[in-house]
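In the working numbering, the protein residues as written are 145 to 276.
Put into structure tokens, the structure is as follows:
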């Protein structure tokens, strides 16, 4: 496998794996319980992105639905993390409201409308904007 092939196929799962190891080392040293949500997020997204990468390399099946799962995991876990991180009730409510609206959008788009064959640019934009 060449470096170009590795970067082209496995960069995203590798990034999540490195982040998972770094968070695990941090959690072991500082014993913070809030990091557990981020550890679970990194593990699940690593598994989802690795599956998506392997599907591209070894299968002709579409893997767009895995990216929709990735967006869903991102808003659930990071929304939970940021909600617990803030101490102000107003900020906690804002995070809960924004996360809930995005989860509702993703559920309607992917389950009710069954529109999971194309990449969901709007969903990823909402998730990215909410995290920022």
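A virtual CB, placed ideally from N, CA and C, is assigned to each residue, including glycine.
| Query | Result |
| --- | --- |
| Does the distance from the CB of residue 184 to the CB of residue 271 come in under 8 Å? | no |
| I need the straight-line Cα distance from residue 175 to residue 167, nearest angstrom please. | 11 Å |
| Apart from the five residues just before and just after residue 171, which ones in its own chain have a Cβ nearer than 8 Å to its Cβ? | 179, 180 and 183 |
| What residue range does the alpha helix (DSSP H) around residue 162 cover? | 147-174 |
| So what's residue 224 in DSSP terms, helix, strand or just coil? | helix |
| Measure the alpha-carbon distance for residue 228 versus residue 198 and round it to whole angstroms. | 34 Å |
| How far does the alpha helix (DSSP H) with residue 246 in it extend, from its first residue to its last? | 233-251 |
| Roughly how many whole angstroms lie between the Cα atoms of residue 220 and residue 202? | 30 Å |
| Note down the Cα distance separating residue 222 from residue 248, rounded to an integer number of angstroms. | 16 Å |
| Would you kindly work out how many angstroms separate the C-alpha atoms of residue 192 and residue 213, rounded to a whole number? | 8 Å |
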